[in-house]
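Q: Before I ask anything, here is the structure I am working with.
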Amino acid sequence: MARNQRWVLLIVVVSLCLVSALEASDGDSDPLYKSCVEQCQKTGCVGDTCFQNCKFSADGKVIDGPWYMQEPLYLRWKQWDCQSDCQYECMMTREEERRRNGERPTKYFGKWPLKHVYGIQEPVSVAFSALDLAMQFQGWVSYFILVYYKLPLQPNRKTYYEYNGLMHIYAIIVMNSLFWSGICHSRDVELTERLDYSSATVLAAFTLILATLRSFSIHDQSVKIMVTAPILAVAATHILYLNFYNLDEGLHRKVIFGIGGIEIVVWGIWAALTSHPSKWKLRSFLMLSILTMCLRMLDFPPYKGYIDAHALWRAAGIPLSYIWWSFVCDDAVFRTTVHLKKSK
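For reference, each letter of the sequence shown is one residue, going -24 to -1, 1 to 320 in mature numbering (1 follows the signal peptide of the UniProt record, and there is no 0).
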């Protein structure tokens, strides 16, 4: 029992790292940067680099030239405009000056300066989000094949695994979240941020519901409603606040990490007390989740202009997805075996 108590204490103590974050100064308040952007918007150039977008107004109409000249559709779809191009080029120019002067990188509009690749703002994070989505899909397919084609089914063709429906819903929600995460990393505008934050909130709420129902083996319908209703209410309130009142990134991070911290504690207590044959996988998943979430809080400048803490956090999600679905498959086998023994 002492060993289990130490495990619970470790989960709680390490989870405390989720409530702290490092702050950095904003480079967008730098007078040299602001002057560069203002000059660029007037001339359309930063040094020897000039932008075609600066010849068009905000609605895509050409400033000087025939009426039929319009900004290309793909540029309007990506919402790259004169201001965005000027801000990016001035940011890169200013950071190069800071590097030559021996100064540390700084943030611009709350984010570290990352180099674009073919118009993609955070190419490494996009790549890792795509790989994580592929891993989640592979895990879901493996689970589907297991429960429907390898394990026995009930006479009504339903699975013995009572959490089967929840796992399918989880798979859809997590892949949706990763999809919008990748889109937001590709082009961070208000619309993509809203979709990314909203889908992440839904995922956080559902995983907490899943953790609670599985850890406490809740099967009674009325109890399920009592558990899910307040969690969904918090998630819905947060989504409405972000979309119709204030798109507050700081608040969103606190809510997500707060829900994630509660989920880890719930899973951790169960993992410490259960006799599940694959509890070591769940424990490994929880400890690695805590470490990766703490990694997300390490707010360091991007390496070579591409890899920052967020990108590494996305990369860490790939092996975590594999471990999670491996545990789910083991759990399905375990619960199916238990039900078959009871039916005999």
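Glycine included, C-beta positions come from ideal geometry on N, C-alpha and C.
The structure displayed is predicted, hence computed values, not measured ones.
Does DSSP put I283 in a helix, a strand or coil?
A: The sequence position of residue 283 within the sequence shown is 307, counting from 1. Reduced to three states, the DSSP call for I283 is strand.
Q: Could you say which of D24, L186, C21 and T204 lies nearest to E138 if we only look at CA atoms?
A: On the sequence shown, position 162 is the one that residue 138 refers to. Comparing Cα positions, the closest option is L186.
Q: What ranges does the alpha helix (DSSP H) occupy inside the segment 225 to 252, keeping only unbroken runs of at least 4 residues that lie completely in it?
A: The qualifying runs are 225 to 249.
Q: Short of 7 angstroms in beta carbon distance, which residues of its chain neighbour S302, apart from the five on each side in sequence? Order them along the chain.
A: Position 326 of the sequence shown holds residue 302. Within the same chain, S302 has close Cβ partners K257.
Q: Here's the rule: buried if 16 or more other CB atoms are within 10 angstroms of the residue's CB, otherwise exposed. What is K318?
A: The count along the sequence shown starts at 1 and reaches residue 318 at position 342. Residue environment: K318 is assigned as exposed (fewer than 16 neighbouring CB atoms within 10 Å of its CB, all protein chains considered).
Q: In terms of alpha-carbon separation, which member of F192, L189, N222 and F182 lies closest to A209?
A: The sequence position of residue 209 within the sequence shown is 233, counting from 1. Per the Cα distances, F182.
Q: So what's V165 in DSSP terms, helix, strand or just coil?
A: In the sequence shown, the residue the question calls residue 165 occupies position 189. Three-state result, V165: coil.
Q: For a test of the three-state rule: what should DSSP assign to I194, helix, strand or coil?
A: Locating residue 194 in the sequence shown gives position 218, counting from the first residue. Coil, per DSSP.
Q: State the start and end residues of the unbroken alpha helix (DSSP H) segment that holds E71.
A: Position 95 of the sequence shown, counting from 1, holds the residue named residue 71. Where E71 is concerned, the enclosing alpha helix (DSSP H) stretches over C58 to R76.
Q: May I ask whether a heavy atom of the ligand GDP can be found less than 7 angstroms away from the beta carbon of K317?
A: Ligands displayed in this structure: none; no statement on the ligand GDP is therefore possible.
Q: Under 8 angstroms by Cβ, that's how I've got residue 340 and A308 pegged, so tell me the actual separation to the nearest angstrom.
A: Residue 340 lies beyond the stretch modelled for the chain, which goes from -24 to 320, so this question has no answer here.
Q: Determine the closest residue to A211 out of Q197, N140, V199 and L227, with distance taken between C-alpha atoms.
A: As a position in the sequence shown, residue 211 is number 235, starting the count at 1. If you compare the alpha carbons of Q197, N140, V199 and L227 with that of A211, the shortest gap goes to L227.
Q: Who are the Cβ neighbours of E98 in its own chain at under 6 angstroms, not counting the five residues just before and after it?
A: To locate residue 98, count along the sequence shown from 1; it is residue 122. Closer than 6 angstroms at Cβ, skipping near neighbours: L90 and H161.
Q: What did DSSP end up calling Y146 once you bin it into helix, strand or coil?
A: The residue labelled residue 146 in the question sits at position 170 within the sequence shown. It is helical.
Q: Does the beta-carbon of Q112 have 16 or more other beta-carbons within 10 angstroms, so that it is buried, or is it exposed?
A: Position 136 of the sequence shown, counting from 1, holds the residue named residue 112. By the neighbour-count criterion, in which 16 or more other beta carbons inside 10 Å mark a residue as buried, Q112 falls on the buried side.
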